[in-house]
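These notes concern the structure reproduced below.
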Amino acid sequence: MAYKIIGSQCTNCSGCEAECPNLAISERGGTFVIDPALCTECIGHFDTPQCVAICPVDNTCVIDTSVPRYHES
Amino acid sequence: MTDLGHVLTEAFGDEDGVVDVADVMQKMAEHKGCGTSSEGGKASCGSSGGPEDMDPAIWEKVKNHPCYSEEAHHHYARMHVAVAPACNIQCNYCNRKYDCANESRPGVVSEKLTPTQAAKKVLAVASTIPQMTVLGIAGPGDPLANPAKTFETFRQIMEAAPDIKLCLSTNGLALPDYVDEIAKYNVDHVTITINMVDPEIGQHIYPWIFWEHKRITGIEAARILTERQLRGLEMLTERGILAKINSVMIPGVNDQHLVEVNRAVKSRGAFLHNIMPLISAPEHGTVFGLNGQRGPTAQELKALQDSCEGEMNMMRHCRQCRADAVGLLGEDRSAEFTTDKIMEMEVEYDAAGRKAYQQAVEGERQAKVAARQEELATLGGATSAIKLLVAVATKGHGVINEHFGHAKEFQVYELSTAGAKFVGHRRVDLYCQGGYGEEDSLDTIILAINDCHAVFVAKIGGCPKADLLKAGIDPVDQYAHEYIEKSAIIWFKDYLAKVESGAIVHVERGDAAIRQGALLSAA
Chain A
1 MAYKIIGSQC TNCSGCEAEC PNLAISERGG TFVIDPALCT ECIGHFDTPQ
51 CVAICPVDNT CVIDTSVPRY HES
Chain B
1 MTDLGHVLTE AFGDEDGVVD VADVMQKMAE HKGCGTSSEG GKASCGSSGG
51 PEDMDPAIWE KVKNHPCYSE EAHHHYARMH VAVAPACNIQ CNYCNRKYDC
101 ANESRPGVVS EKLTPTQAAK KVLAVASTIP QMTVLGIAGP GDPLANPAKT
151 FETFRQIMEA APDIKLCLST NGLALPDYVD EIAKYNVDHV TITINMVDPE
201 IGQHIYPWIF WEHKRITGIE AARILTERQL RGLEMLTERG ILAKINSVMI
251 PGVNDQHLVE VNRAVKSRGA FLHNIMPLIS APEHGTVFGL NGQRGPTAQE
301 LKALQDSCEG EMNMMRHCRQ CRADAVGLLG EDRSAEFTTD KIMEMEVEYD
351 AAGRKAYQQA VEGERQAKVA ARQEELATLG GATSAIKLLV AVATKGHGVI
401 NEHFGHAKEF QVYELSTAGA KFVGHRRVDL YCQGGYGEED SLDTIILAIN
451 DCHAVFVAKI GGCPKADLLK AGIDPVDQYA HEYIEKSAII WFKDYLAKVE
501 SGAIVHVERG DAAIRQGALL SAA
């Protein structure tokens with residue numbers, strides 16, 4: 001799985017972009033998006049996903065269940 | 001009528017922003033009567049401190065800074081650039097979803113800028129508004145949670161416009177990590193928002209902080225935050241960087257505690273303390289707004305500021321500006337400088353023209369101070385226990401030059417036989433009415449200045465005049481385009497004489513309401 005950003009909730013503050021250890025987050029068309037191919041759910045980096053921890057609006061960075069679970073290699 | 005005040009108001013009015021410096025200098029040269037700039041009283045930059053009250057090195061830093069010197073804020077403008085949208089803490093008086101409280105919000109109404117766009121905006125504004133002396137980065141998040149953007153912006157401005165003072169405003173969580181970098185870019189003014197020094201109280205203000213890659217909540221979050229804030233303040237003081245402390249007064253949460261905060265920051269070398277009223281309306285969607293947490297009344301705020309004043313300088317002229325504000329405090333010209341407009345502008349930075357303009361402004365300041373001194377001298381020796389407040393409609397330059405009906409705010413002065421002391425301002429614009437919804441604008445204005453005995457205006461119509469008199473507020477228009485403090489002292493002498501002769505009876509006024517919501521553009 002990967003995290004995804006609910007566009008309608010995102011305030012475009014860019015906090016998550018700077019904290020993501022995988023550079024998986026970028027701005028596209030006025031909101032931020034997570035590249036699921038790069039997202040590791042912060043496994044191996046931090047105890048908690050950084051986008052969720054820094055996001056000022058609850059329930060904005062959420063798990064995308066349509067993507068397979070990340071496995072630490 | 002003070003010629004110079006009139007000349008400057010006309011020449012430098014905010015209608016077109018066009019400045020003919022040569023013309024002004026000529027008129028300046030013709031003006032006679034700029035006297036001494038000395039003034040008495042204790043050092044109190046937040047209210048009226050002048051060069052005689054202060055270490056020359058500090059005066060040099062604050063004399064053109066509208067936020068650090070009340071005296072300067074009549075004459076000099078500041079701007080903020082919104083390059084820092086991310087934040088590392090959550091405050092219960094902030095809701096980052098809406099562009100309504102006291103900051104701009106990215107992605108909602110206001111524009112966030114890249115450092116390069118911000119630098120161009122600074123040059124464009126500095127070329128249009130020559131009295132713009134200060135560039136601040138104040139969010140809309142925390143500048144030090146966006147260090148790359150913040151310092152790159154400072155670097156570009158330092159190169160292109162070295163005469164502009166740089167400052168930033170921070171919650172202080174990341175401050176100790178960046179004090180050296182702040183010093184490197186010659187940022188000599190930093191504002192830290194400190195609402196508590198007791199984590200027990202802090203836990204009711206801050207739901208969480210993001211610290212060392214973790215979201216931390218509760219007392220632990222508040223403990224880390226206060227430690228970092230106070231350490232950051234000490235580090236700034238050690239390096240000779242002036243620190244102003246902002247505190248939000250939240251009745252029932254930290255209002256009593258702010259006296260202790262005042263002592264804590266004073267003992268660590270803070271230069272100025274700015275206690276601001278909580279902005280809290282349900283439509284802002286903040287935790288405090290939704291919980292029905294009220295803000296303070298005007299007199300509650302003044303009483304707290306007064307009680308801290310013996311400890312250190314208090315700032316009374318804060319307008320709780322947006323993170324993209326442009327212009328004099330109390331006005332917002334940001335709509336003139338949107339990104340689209342700036343990118344189209346051909347900007348030529350005229351440092352010499354700016355300097356000439358600012359020299360003209362200095363002459364004007366000295367004339368104003370001299371006029372006040374002259375009038376104060378005539379009070380000499382008079383004593384009376386009477387202290388009262390008056391409201392003033394002004395567009396700046398320290399002159400009564402605004403029509404009652406056009407005023408978006410009134411400046412409030414406390415009059416006593418010690419003179420006229422600026423104690424605050426009351427906004428009366430109608431945006432985001434927050435509680436006064438159904439009342440008409442005059443009722444709103446009367447509520448905002450209800451603790452004042454008189455209101456000084458350049459002009460006023462018959463109807464509002466009658467209603468003000470009915471409410472017990474004397475509308476005074478005979479000092480149009482005169483200096484504020486000088487006029488107020490003359491009026492006060494006359495008032496005391498009438499009380500003495502029995503022509504009028506002095507009665508105390510009631511409380512006043514602080515209007516909620518942010519100041520909108522005048523455009």
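From first to last, the protein sequence lines stand for chains A and B.
Counting along the first sequence from 1, when you hit position 9 you're at 9 in the UniProt record's numbering, and nothing is skipped either side.
Counting along the second sequence from 1, when you hit position 211 you're at 211 in the UniProt record's numbering, and nothing is skipped either side.
No residue lacks a Cβ here, since even glycine has one placed at the ideal position from N, Cα and C.
All values reported here derive from a predicted model rather than from experimental measurement.
Is the CB of Phe-288(B) under 8 Å away from at least one CB in chain A? Looking up residue 288(B) in the second sequence gives position 288. Answer no: the Cβ-Cβ gap between Phe-288(B) and chain A never drops below 8 Å.
Checking the sheet assignment: what are the DSSP bridge partners for Asn-274(B)? By one-based count along the second sequence, residue 274(B) stands at place 274. According to DSSP, Asn-274(B) bridges with Asn-246(B).
Anything in chain B within Cβ reach of Gly-15(A), meaning under 9 Å, just list it in chain order. The sequence position of residue 15(A) within the first sequence is 15, counting from 1. By Cβ distance, chain B contributes Pro-85, Ala-86, Cys-87, Asn-88, Gly-141, Ala-145, Asn-146 and Phe-210.
Only counting runs of 4 or more residues, tell me where the alpha helix (DSSP H) segments fall wholly within the region 378 to 429 of chain B, in order along the chain. none
Spatially closest choice to Ile-373(B) from Gln-117(B), Glu-485(B) and Ile-250(B), by CA coordinates: Sequence index remark: in the second sequence, residue 373(B) carries index 373 (1-based). In the sequence as presented, Ile is not what sits at residue 373(B); that position holds Gln. For the residues Gln-117(B), Glu-485(B) and Ile-250(B), the minimum Cα distance to Gln-373(B) belongs to Glu-485(B).
First and last residue of the alpha helix (DSSP H) that includes Met-151(B)? Along the second sequence, one-based indexing puts residue 151(B) at 151. Note that residue 151(B) corresponds to Phe in the displayed sequence, not to Met. Counting along the chain, the alpha helix (DSSP H) containing Phe-151(B) begins and ends at 147 to 160.
By a C-beta neighbour count over all protein chains shown, 10 Å radius and 16 as the cutoff for buried, is Glu-71(B) buried or exposed? Numbered from 1 along the second sequence, position 71 holds the residue referred to as residue 71(B). Glu-71(B) should be labelled buried.
Using a Cβ cut-off of 7 Å, which residues of the UniProt domain "4Fe-4S ferredoxin-type" (1 to 30) of chain A contact any Cβ in chain B, in chain order? Thr-11, Asn-12, Cys-13, Ser-14, Gly-15, Ala-18 and Gly-30
If I measure Cβ to Cβ from Ser-384(B) and keep anything under 6 Å in the same chain, skipping five residues before and after, which residues do I get? Within the second sequence, residue 384(B) is the residue found at index 384, counting from 1. Counting only Cβ-Cβ distances below 6 Å, and skipping sequence neighbours, we find Thr-417 and Leu-496.
Using only the alpha-carbon positions, how far apart do Gly-398(B) and Val-412(B) sit? In the second sequence, residue 398(B) corresponds to position 398, counting from 1. In the second sequence, residue 412(B) corresponds to position 412, counting from 1. Rounded to the nearest angstrom, the two C-alpha atoms are 12 Å apart.
Across the region 71 to 90 of chain B and the region 339 to 346 of chain B, are there enough close Cβ pairs to call them in contact, namely three or more that are closer than 8 Å? no
Lys-4(A) by DSSP, collapsed to three states: which one? On the first sequence, residue 4(A) is found 4 positions in, with the first residue counted as 1. Reduced to three states, the DSSP call for Lys-4(A) is strand.
Residue interval of the alpha helix (DSSP H) (run including Ser-487(B)): Your numbering for residue 487(B) matches position 487 in the second sequence. Start and end: 484 to 501.
Per DSSP, which one or two residues make a beta bridge with Leu-135(B)? Position 135 of the second sequence holds residue 135(B). According to DSSP, which records beta bridges pairwise, Leu-135(B) is partnered with Met-79(B) and Leu-166(B).
Any beta carbon from chain A within less than 8 Å of Arg-96(B)'s own beta carbon? Taking the second sequence and counting its residues from 1, the one referred to as residue 96(B) is at position 96. True, the Cβ-Cβ gap to chain A drops below 8 Å.
Whole-angstrom distance between Pro-68(A) and Thr-193(B), CA atom to CA atom: Here residue 193(B) refers to the residue found at position 193 of the second sequence. Here residue 68(A) refers to the residue found at position 68 of the first sequence. C-alpha separation (whole angstroms): 44 Å.
Closest to Ser-69(B) by C-alpha separation, out of Val-81(B), Gly-510(B), Ile-504(B) and Phe-271(B), would be which residue? Walking along the second sequence from the start, residue 69(B) turns up at place 69. Taking only the C-alpha atoms, the option nearest Ser-69(B) is Phe-271(B).
Buried/exposed call for Asp-443(B), threshold 16 Cβ in 10 Å: The residue you call residue 443(B) lines up with position 443 of the second sequence. Exposed, since its Cβ has fewer than 16 Cβ neighbours within 10 Å.
Measure the Cβ-Cβ separation of Leu-135(B) and Ile-157(B) and say whether it is below 8 Å. Residue 135(B) sits at position 135 when you count from the first residue of the second sequence. Residue 157(B) sits at position 157 when you count from the first residue of the second sequence. Yes.
Is the beta carbon of Ile-400(B) sitting closer than 8 Å to the one on Ala-393(B)? For the purposes of this step, residue 400(B) is taken as residue 400 along the second sequence, with counting starting at 1. For the purposes of this step, residue 393(B) is taken as residue 393 along the second sequence, with counting starting at 1. Taking 8 Å as the Cβ cut-off, Ile-400(B) and Ala-393(B) qualify as a contacting pair.
Local conformation of Arg-509(B) per DSSP, three classes: As a first step, residue 509(B) must be located in the second sequence, where it is residue number 509. The answer is coil: DSSP assigns Arg-509(B) none of H, G, I, E or B.
Kindly indicate which three-state DSSP category His-73(B) falls into: helix, strand or coil? As a working note, residue 73(B) is residue 73 in the second sequence. In the structure shown, His-73(B) sits in a helix (DSSP, three-state: H, G or I).
With DSSP collapsed to three states, give me the class of Ser-66(A). Residue 66(A) sits at position 66 when you count from the first residue of the first sequence. Of the three classes helix, strand and coil, the one that applies to Ser-66(A) here is coil, per DSSP.
For the region 107 to 126 of chain B against the region 243 to 252 of chain B, do three or more pairs of beta-carbon atoms, one drawn from each stretch, fall closer than 8 Å, so that the two count as touching? no
Thinking just about the alpha-carbon of each residue, which of Val-83(B), Glu-300(B) and Thr-153(B) is nearest to the one in Val-248(B)? Your numbering for residue 248(B) matches position 248 in the second sequence. Measuring from the Cα of Val-248(B), the nearest candidate turns out to be Glu-300(B).
Please go through the same chain and pick out, in chain order, the residues whose beta-carbon is closer than 7 Å to the beta-carbon of Cys-10(A), but skip the five residues on each side of it. The residue given as residue 10(A) occupies position 10 in the first sequence. So the qualifying residues of the chain are Thr-31, Phe-32 and Thr-60.
Give the single residue among Gly-405(B), Ala-57(B) and Met-276(B) whose Cα lies nearest to the Cα of Pro-475(B). As a working mapping, residue 475(B) is identified with position 475 in the second sequence. Ranking Gly-405(B), Ala-57(B) and Met-276(B) by Cα distance to Pro-475(B) puts Gly-405(B) first.
Looking at chain B, which residues of the region 51 to 65 of chain A have a Cβ within less than 9 Å of any of its Cβ atoms? Val-52, Ala-53, Ile-54, Pro-56 and Val-57
Short check: CB of Asn-22(A) to CB of Pro-85(B), under 8 Å? Reading the first sequence from its first residue, position 22 is the one you call residue 22(A). Reading the second sequence from its first residue, position 85 is the one you call residue 85(B). Taking 8 Å as the Cβ cut-off, Asn-22(A) and Pro-85(B) do not qualify as a contacting pair.
My guess is that residue 608(B) and Val-428(B) are in contact by the Cβ rule of under 8 Å, so how many angstroms apart are they, rounded? Since the first residue shown for chain B is 1 and the last is 523, residue 608(B) is missing from the structure and cannot be characterised.
Is the shortest distance between the beta-carbon of Cys-100(B) and the beta-carbons of chain A less than 8 Å? The count along the second sequence starts at 1 and reaches residue 100(B) at position 100. In this predicted model, Cys-100(B) has a pLDDT of only 45, less than 50, meaning its place in the structure is not dependable; the value taken from the coordinates is given anyway. Cβ-Cβ to chain A under 8 Å: no for Cys-100(B).
Quick check on Arg-239(B): buried or exposed, where buried means 16 or more other Cβ atoms within 10 Å of its Cβ? Indexing the second sequence from 1 puts residue 239(B) at position 239. Exposed, since its Cβ has fewer than 16 Cβ neighbours within 10 Å.
Sequence ranges, beta strand (DSSP E) only - wholly within the region 266 to 318 of chain B, length at least 3: 272 to 277
Please confirm if Lys-498(B) has its CB atom under 8 Å from at least one CB of chain A. As a working note, residue 498(B) is residue 498 in the second sequence. No, no contact with chain A.
To which residues does DSSP link Cys-452(B) through a beta bridge? The residue given as residue 452(B) occupies position 452 in the second sequence. Answer is Leu-389(B), bridged to Cys-452(B).
Determine the extent of the alpha helix (DSSP H) in which Pro-475(B) is found, giving its start and end residues. Counting from one through the second sequence, the residue named residue 475(B) turns up at place 475. No alpha helix (DSSP H) holds Pro-475(B); the beta strand (DSSP E) holding it covers 474 to 476.
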